[in-house]
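Accompanying notes for the structure given below.
There are 2 protein chains.
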Amino acid sequence: MTIAVLGPKGTFSHEIAETVCDRDEEIIFFPTIREVFAAVTERSSEYPDLRGIVPVENSGAGGVFETLECLLKEDCTVRAEYYLPIRYVFAVAKGKSADMQTQALAKVYAHPQAHAQCSAFLAGLGNAAVVHTTSNAKSAEETLNDVSELTAALTTRSAAGIYGLEIIRENIQNYDTNTTRFLEIRRAAPEKPGVSGSSADSGDCCGCGTKCSIVVMPKGNYPGLLYRILSVFAGREINLTRIESRPSGDMMGKYVFFIDYEFGSELDVDGNKKLLDWLRTITEVKELGYYPEAKIGGV
Amino acid sequence: MTIAVLGPKGTFSHEIAETVCDRDEEIIFFPTIREVFAAVTERSSEYPDLRGIVPVENSGAGGVFETLECLLKEDCTVRAEYYLPIRYVFAVAKGKSADMQTQALAKVYAHPQAHAQCSAFLAGLGNAAVVHTTSNAKSAEETLNDVSELTAALTTRSAAGIYGLEIIRENIQNYDTNTTRFLEIRRAAPEKPGVSGSSADSGDCCGCGTKCSIVVMPKGNYPGLLYRILSVFAGREINLTRIESRPSGDMMGKYVFFIDYEFGSELDVDGNKKLLDWLRTITEVKELGYYPEAKIGGV
Numbered sequence: 000m001t002i003a004v005l006g007p008k009g010t011f012s013h014e015i016a017e018t019v020c021d022r023d024e025e026i027i028f029f030p031t032i033r034e035v036f037a038a039v040t041e042r043s044s045e046y047p048d049l050r051g052i053v054p055v056e057n058s059g060a061g062g063v064f065e066t067l068e069c070l071l072k073e074d075c076t077v078r079a080e081y082y083l084p085i086r087y088v089f090a091v092a093k094g095k096s097a098d099m100q101t102q103a104l105a106k107v108y109a110h111p112q113a114h115a116q117c118s119a120f121l122a123g124l125g126n127a128a129v130v131h132t133t134s135n136a137k138s139a140e141e142t143l144n145d146v147s148e149l150t151a152a153l154t155t156r157s158a159a160g161i162y163g164l165e166i167i168r169e170n171i172q173n174y175d176t177n178t179t180r181f182l183e184i185r186r187a188a189p190e191k192p193g194v195s196g197s198s199a200d201s202g203d204c205c206g207c208g209t210k211c212s213i214v215v216m217p218k219g220n221y222p223g224l225l226y227r228i229l230s231v232f233a234g235r236e237i238n239l240t241r242i243e244s245r246p247s248g249d250m251m252g253k254y255v256f257f258i259d260y261e262f263g264s265e266l267d268v269d270g271n272k273k274l275l276d277w278l279r280t281i282t283e284v285k286e287l288g289y290y291p292e293a294k295i296g297g298v
Numbered sequence: 000m001t002i003a004v005l006g007p008k009g010t011f012s013h014e015i016a017e018t019v020c021d022r023d024e025e026i027i028f029f030p031t032i033r034e035v036f037a038a039v040t041e042r043s044s045e046y047p048d049l050r051g052i053v054p055v056e057n058s059g060a061g062g063v064f065e066t067l068e069c070l071l072k073e074d075c076t077v078r079a080e081y082y083l084p085i086r087y088v089f090a091v092a093k094g095k096s097a098d099m100q101t102q103a104l105a106k107v108y109a110h111p112q113a114h115a116q117c118s119a120f121l122a123g124l125g126n127a128a129v130v131h132t133t134s135n136a137k138s139a140e141e142t143l144n145d146v147s148e149l150t151a152a153l154t155t156r157s158a159a160g161i162y163g164l165e166i167i168r169e170n171i172q173n174y175d176t177n178t179t180r181f182l183e184i185r186r187a188a189p190e191k192p193g194v195s196g197s198s199a200d201s202g203d204c205c206g207c208g209t210k211c212s213i214v215v216m217p218k219g220n221y222p223g224l225l226y227r228i229l230s231v232f233a234g235r236e237i238n239l240t241r242i243e244s245r246p247s248g249d250m251m252g253k254y255v256f257f258i259d260y261e262f263g264s265e266l267d268v269d270g271n272k273k274l275l276d277w278l279r280t281i282t283e284v285k286e287l288g289y290y291p292e293a294k295i296g297g298v
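Line by line, the protein sequences are chains A and B. Just so we're aligned, residue 0 is where the first sequence starts under our numbering, counting upward by one. Just so we're aligned, residue 0 is where the second sequence starts under our numbering, counting upward by one.
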């Protein structure tokens, strides 16, 4: 198989792919999350056996908009989840660390998410201008290239290594518990696993997980609607591990809900079918996938 | 009074401030939303009579992370809401529009939110590289300055005017219903309005609105928790106009909920107090403010 992730080399997506890939499995990079989805769902002749790994939520910054949008629109299946502890480093070009004692820092290159997740450290840096970039790897690259004044990057340990930067401080994120959850996506099988009860899909983990991801799209808007949706889960004592509301896109005040829930030790296929059938009487439901629950901190 | 907004000139925040400001009211600009909050909450000697206007959610892209984070942490009160229809234009430097017929477009400058909100238009542009910027005004400025090749900006009509760009296409956003909701924030009064029933605060709209914004911070995590929270509203037939889950920041899987709800024609001060008292038996509650409901499309 091949793994598709957000590039360039040195992103957190790259890091998690290296952790989970099989020996001989190639990792390929795409410039946006949308293109990772497109490679998985639409380019089957080019990439017949491709899995994508995409970030879906961060413990500090919340849901990743682009991923949620693609999950809503694209025809793919979630097949696994992974957690990656997120650690940022503060780094300068090689040979510049001595200048930190004598010169004022002019610029810090940072991805907006890195900025948000390291805001306390950044606030302690004084008057250096924060310049936003498109990826953590890009922050490292800009710092390497911008030698006209003293500049630094908030970046990943891996990207600092790739671009030959010198690490000045490690673990500069606001919370040591900072974690990002990734999903593994594959092309959707014609038959939805888990619901039909069949495990006829080609993959290795369909129907056997205990965690379920769905998107609920309400048909109307009235007092108590979300309450009715949640009653289905509460009445069965099913634990929601996550609920995230997102705008439906077409109208202010109209939302869809991304819901993850879990069965205890085994997916109750019949119970799940009944639950979804009931939900479908008041909302539209898109099943995103059924997969084993991962432990936070492990992969 | 003075109005503080996200700058530079030409942002959507600038546009809404111009629409709602009183005659002679000065508009001042800050480089980040965080600094707008800081000016309102902490710099009372410099700005004794300041109101801030900040974007809180967009109908396509969802909640504005920085605003939600500040609402959670800063000591301020929401005093009004405004809706602004969001329209993007596609613009080039003056005199360059003729080149569009003969030359390939090399780059499009766009804020990530503008990119997301105009993704269908962008996809139709072919192979031009999209370069992300820190604001819509900045996209216009970069396009003006980068004359080495054919470049364009996704920007606002106002920013195109300020930077002297030529507008090639208007209304390039994915949805014509694209709308951003803004909140007006002021320094919190010592006594919380609306709950105590007093209107002793210095402002002009406290206690008289019918819309309420709160943040609910669950004390535990168990099946049915959110369901119990929502039961308080459903049992009273109170309409939630918005619920947005955000990570609490310190731990994966722990969330806080931003909830907006409304009373019919008049704030039921006693009923609201009972509702909040009940909620406080199972969660922490931060009251963000009580204010009149605005109509979408009007301000």
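Don't be surprised by glycine CBs; every beta carbon is placed ideally from N, CA and C. This one's a predicted model, so the numbers in the text were calculated from it and none came from an experiment.
Asked	Found
Give me, in chain order, the residues of the same chain whose beta-carbon lies closer than 7 Å to that of Asp-203/A; leave out the 5 immediate sequence neighbours on both sides.	With a pLDDT of 39 at Asp-203/A, under the threshold of 50, the modelled position of this residue cannot be trusted; read the value that follows with caution. Around Asp-203/A: no qualifying Cβ.
How about Pro-7/A and Ala-136/A: do their beta carbons lie closer than 8 Å?	yes
Go to Ala-233/B, then tell me how far its alpha helix (DSSP H) extends in each direction, as first and last residue.	224-233
Starting from the N-terminal side, write out each stretch of the beta strand (DSSP E) that is 3 residues or longer and does not extend beyond the region 134-190 of chain A.	150-154, 164-169 and 178-186
Starting from Asp-21/B, follow the alpha helix (DSSP H) in both directions and report where the run begins and ends.	Unbroken run through Asp-21/B: none, as it is neither H nor E.
Look up Lys-210/B in the DSSP assignment and say whether it is helix, strand or coil.	strand
Taking 8 Å as the threshold (beta carbon to beta carbon), is Ala-152/B in contact with chain A?	no
Thr-178/B touches chain A at which residues, Cβ-Cβ below 8 Å?	Met-251
Is there at least one Cβ from chain B nearer than 8 Å to His-13/A's Cβ?	no
Between Ile-52/B and Glu-183/B, how many whole angstroms is the CB-CB distance? I'm expecting something under 8 Å.	5 Å
Return the chain-ordered ranges of every beta strand (DSSP E) run that is complete within the region 13-64 of chain A and spans a minimum of 3 residues.	25-29 and 49-57
So, under 8 Å CB-CB, Ser-134/A and Leu-153/A are touching, yes? Tell me the CB distance rounded to an integer number of Å.	The Cβ separation is near 12 Å, so there is no contact.
Go to Lys-294/A, then tell me how far its beta strand (DSSP E) extends in each direction, as first and last residue.	Neither: Lys-294/A is in no beta strand (DSSP E) and is coded neither H nor E.
Between Thr-209/A and chain B, is the shortest Cβ-Cβ distance under 8 Å, so that the two count as touching?	no
Assign Arg-33/B to buried or exposed, taking buried as 16 or more other Cβ atoms, counted over all protein chains shown, within 10 Å of its Cβ.	buried
Span of the beta strand (DSSP E) holding Asp-259/A?	254-261
What would DSSP say about Ser-197/A, mapped onto helix, strand or coil?	Because Ser-197/A sits at a pLDDT of 39, beneath the cut-off of 50, its placement in the model cannot be relied upon, and the point is left open.
Run through chain B and tell me which residues come within less than 8 Å of Thr-142/A, C-beta to C-beta.	Under the 8 Å cutoff, chain B gives no residues; its nearest Cβ is about 17 Å from Thr-142/A.
Helix, strand or coil for Glu-243/B per DSSP?	strand
Going by DSSP, name the residue or residues bridged to Asn-238/B.	Glu-261/B
Looking at the structure shown, is Leu-287/B part of a helix, part of a strand, or coil, going by DSSP?	strand
Can you list, in chain order, the residues of its chain with a C-beta nearer than 8 Å to that of Glu-261/A? Leave out the 5 residues immediately preceding and following it.	Thr-209, Lys-210, Cys-211, Ile-237, Asn-238, Thr-240 and Glu-292
At a CB distance below 9 Å, what residues from the region 275-290 of chain B approach chain A? Give them in sequence order.	none
Is it the case that the Cβ atoms of Glu-24/A and Thr-40/A are separated by a distance below 8 Å?	no
Would DSSP call His-114/B helix, strand or coil?	helix
Any Cβ of chain A within less than 8 Å of the Cβ of Asn-126/B?	no
Return the bridge partner residues of Met-250/A from the DSSP annotation.	None, per the DSSP bridge assignment.
My assumption, with CB atoms under 8 Å, is that Leu-164/B sits in contact with Ala-90/B. Please give the rounded CB distance.	4 Å
So with CB distances below 7 Å, who are the chain B contacts of Asn-238/A?	Pro-222
Would you say the beta carbon of Thr-31/A comes nearer than 7 Å to a heavy atom of the ligand MG?	With respect to the ligand MG, the structure shown offers nothing to examine, as it has no ligands at all.
Express the C-alpha separation of Ile-15/B and Val-4/B in angstroms, rounding to a whole number.	9 Å
Does any C-beta atom of chain B lie closer than 8 Å to the C-beta of Phe-64/A?	yes
CB-CB under 7 Å to Arg-186/B, same chain, minus the five flanking residues each way: which ones, in chain order?	Val-39, Thr-40, Ser-43 and Cys-75
Could you check what DSSP says for Thr-1/B in three-state terms: helix, strand or coil?	strand
Identify the continuous beta strand (DSSP E) that holds Leu-124/A and give its terminal residues.	Looking at the DSSP string, Leu-124/A is not in any beta strand (DSSP E), and its letter there is neither H nor E.
Under 8 Å, do Ser-244/A and Ser-147/B count as touching if we go by C-beta distance?	no
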